[in-house]
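In UniProt numbering, the protein residues as written are 1 to 475.
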Ligand code: CS2
């Protein structure tokens, strides 16, 4: 084993104190690491039971190593490998929703963390309200064994209330604006439909701190697994690979104050996380999505390769220049330096972050990543041609054909509807109008304001290709 592999000493695992919904690579490379560090520094029973809400793949991959897995820091100056042993079990919700509710209702569990991605909340991306017409939400109103993340939260909170237990703290770690308040609103809405007294209890006793999470963690590939096996000399079917950078800002508002010693692990505990969240969503995720659609269409497979193309590197800087006036810096943060650091992080050649991966679920991401910035920018009398071009590139992307005529595998809950709308139209101006009419993404007034600048960008993209359009128009 190479010298930089640190092994956790086999020993008794801490008792479970957290249930995590949505056990993807991100939380295993981020939240689990912070919780492990907090316990290493200060102890506490904060072992984690992970829950997959859809497939058994992660559970099956983690089982052979007893829920331990390898975390790999992709530092261009040398990888650092570490074993993370903080998971006590992994449950697969569709196989046994009852077991998930039992785990969440356990009095030892004081926090439920979530990374279920934007679409996992079953909300309307433009308004942030729970989508009561969503089939999973309709199911969860009518059935006591739920399928959706909000359904599990509400049904588990109901069990705790019935048993006379305190609620758990709901700690969402998804890239949604004011994510704690948003999830609280959705949980209360769903609880109200099931039992108004439950909703009142959650409103009074529940806690939903907002968080800002940040660590670039591409999906693990088969090649990654082989390479890490060769490095460590053991087989791990579920390693996570991520950048060195990591930032977690959390509002310090937990039920009964019960939480790991997050400060000891480097988490920023703050009174209000909104400024951090806005900055990160707009400056990082906004440019990430912009580079993903444009880079993908230009044939760039990863963000690092996109950034290695000078036209796109200049485009990234244009985007930050447009976004910065629409961001209020958190105390002590220099936005220009933040943007420069993002540039370096994106350019890290050790990170194979596919543009296709980031391009997923654009209908759920655009509002908080790009459209809010556009609204503020236009409202202040400024223009943002770079961001408008990003939205036009997304429109081109969701038509499902790339610039060479090849099919794009568009993954998005609205994929079919978007593709259908675009297919009925002839040219870019008509496609722009059709897609701007999707109110789940574009509120009417914003759509009206965006129509002219996005049409201009779309015409350039459709006629000359995205790379030429960027080179001509925005850099
Ligand atoms: C990315 C994020 O996939 C995406 O949409 O923009 O996952 C991004 O890598 C993280 O938010 C970084 O913290």
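Here a beta-carbon is modelled for each residue, glycine too, at the ideal position from N, C-alpha and C.
- Task: Report the option in 396, 404 and 92 whose CA atom is closest to the CA atom of residue 422.
- Result: Nearest to residue 422 by C-alpha distance, out of 396, 404 and 92, is 396.
- Query: Given that a residue counts as buried once 16 or more other Cβ atoms are within 10 Å of its Cβ, and exposed if not, what is residue 226?
  - Reply: Classification for residue 226: exposed.
- Excluding the five sequence neighbours on either side, which residues of its own chain have a C-beta within less than 6 Å of the C-beta of residue 201, listed in chain order? 161, listed in sequence order.
- Rounded C-alpha distance that separates residue 224 from residue 444: Approximately 45 Å between the Cα atoms of the pair.
- Query: Near residue 432, which residues of its chain fall below 8 Å by C-beta distance, leaving aside the five closest residues on each side in sequence?
  - Reply: Result list for residue 432: 392, 395, 451, 454, 455 and 458, in chain order.
- Query: Hey, quick one: how far does the alpha helix (DSSP H) through residue 179 stretch, first residue to last?
  - Reply: For residue 179, the uninterrupted alpha helix (DSSP H) run begins and ends at 179-194, by DSSP.
- Task: Give a yes or no on contact between the segment 173-187 and the segment 114-132, applying the rule of three or more CB pairs nearer than 8 Å.
- Result: Touching, per the Cβ criterion.
- Query: What number of angstroms, rounded off, separates the C-alpha of residue 193 from the C-alpha of residue 157?
  - Reply: The alpha-carbon separation between residue 193 and residue 157 amounts to approximately 14 Å.
- Taking Cβ positions, are residue 25 and residue 240 nearer each other than 9 Å? Yes, the pair counts as a contact, with Cβ atoms nearer than the cut-off.
- Query: Opposite residue 211 in the DSSP bridges: which residues?
  - Reply: In DSSP, residue 211 forms a bridge with 250.
- Item | Under 9 Å between C-beta atoms of residue 15 and residue 108 | Contact: yes.
- Message: Measuring straight from C-alpha to C-alpha, what distance separates residue 88 and residue 237?
- Response: Distance between the alpha carbons of residue 88 and residue 237: 17 Å.
- Query: For the beta strand (DSSP E) that residue 69 lies in, which residues bound it at each end?
  - Reply: From DSSP, the beta strand (DSSP E) with residue 69 extends over 69-73.
- Query: residue 76 and residue 349 look like a contact to me (Cβ under 8 Å); what is the Cβ gap, rounded to whole Å?
  - Reply: That belief holds up - the Cβ atoms of residue 76 and residue 349 are roughly 6 Å apart, short of 8 Å.
- Query: Got a sec? Which residues, its chain only, sit under 7 Å from residue 134 by beta carbon, not counting five neighbours each side?
  - Reply: Once the five neighbours on either side are set aside, the close Cβ partners of residue 134 are 122.
- Message: If you follow the alpha helix (DSSP H) that residue 137 is in, where does it begin and where does it stop?
- Response: For residue 137, the uninterrupted alpha helix (DSSP H) segment begins and ends at 135-142.
- Query: For ligand 1, is there a heavy atom less than 8 Å away from the beta-carbon of residue 191?
  - Reply: For ligand 1, no non-hydrogen atom lies closer than 8 Å to the CB of residue 191.
- Across which residues does DSSP place residue 401 in a beta bridge pair? DSSP lists 407 as partners of residue 401.
- Task: Could you tell me whether the Cβ atoms of residue 492 and residue 252 are closer together than 9 Å?
- Result: No answer is possible for residue 492: the residues shown for the chain start at 1 and end at 475.
- Query: Exposed or buried, what is residue 472 when buried is set at 16 or more other beta-carbons lying within 10 Å of its beta-carbon?
  - Reply: Classification of residue 472: exposed, given that the 10 Å Cβ count is below 16.
- Alpha-carbon to alpha-carbon, residue 297 and residue 460: Rounded to the nearest whole angstrom, the CA to CA distance from residue 460 to residue 297 is 13 Å.
- Just checking, does the segment 80-98 make contact with the segment 42-53 on the three C-beta pairs under 8 Å criterion? The segment 80-98 makes contact with the segment 42-53: 3 or more CB pairs, one atom from each, lie closer than 8 Å.
- Task: Could you tell me whether any non-hydrogen atom of ligand 1 is closer than 8 Å to the CB of residue 217?
- Result: At least one heavy atom of ligand 1 is nearer than 8 Å to the Cβ of residue 217, so yes.
- Query: Within 10 angstroms of its Cβ, does residue 310 collect 16 or more other Cβ (buried), or is it exposed?
  - Reply: Exposed.
- Helix, strand or coil at residue 455 according to DSSP, with G and I counted as helix: Looking at residue 455 - three-state DSSP - the assignment turns out to be helix.
- Query: Quick one: any contact between the segment 129-144 and the segment 66-82, if contact means 3 or more CB pairs under 8 Å?
  - Reply: Short answer: they don't touch.
- With a threshold of 16 other CB atoms inside 10 Å of the CB of residue 143, please say whether the residue is buried or exposed. That one is exposed.
- Query: Taking C-beta to C-beta, are residue 384 and residue 400 nearer than 9 Å?
  - Reply: The answer is no: Cβ separation not under 9 Å.
- Query: Can you tell me the Cα-Cα spacing of residue 31 and residue 170, whole angstroms?
  - Reply: If you take the alpha carbons of residue 31 and residue 170, they lie about 14 Å apart.
- Task: Check whether the Cβ of residue 80 sits closer than 8 Å to any heavy atom of ligand 1, and report yes or no.
- Result: Not under cutoff, so the answer is no.
- Query: For residue 267, which three-state DSSP category applies?
  - Reply: Residue 267: coil per DSSP, three-state reduction.
- Message: ligand 1 and residue 26: does the residue's C-beta get closer than 8 Å to at least one heavy atom of that ligand?
- Response: Remark: the shortest separation between the CB of residue 26 and any heavy atom of ligand 1 falls under 8 Å.
- For residue 322, does the count of other Cβ atoms within 10 angstroms reach 16, so buried, or fall short, so exposed? Counting C-beta atoms within 10 angstroms of its own C-beta, residue 322 has 16 or more neighbours from the protein chains shown and is therefore classed as buried.
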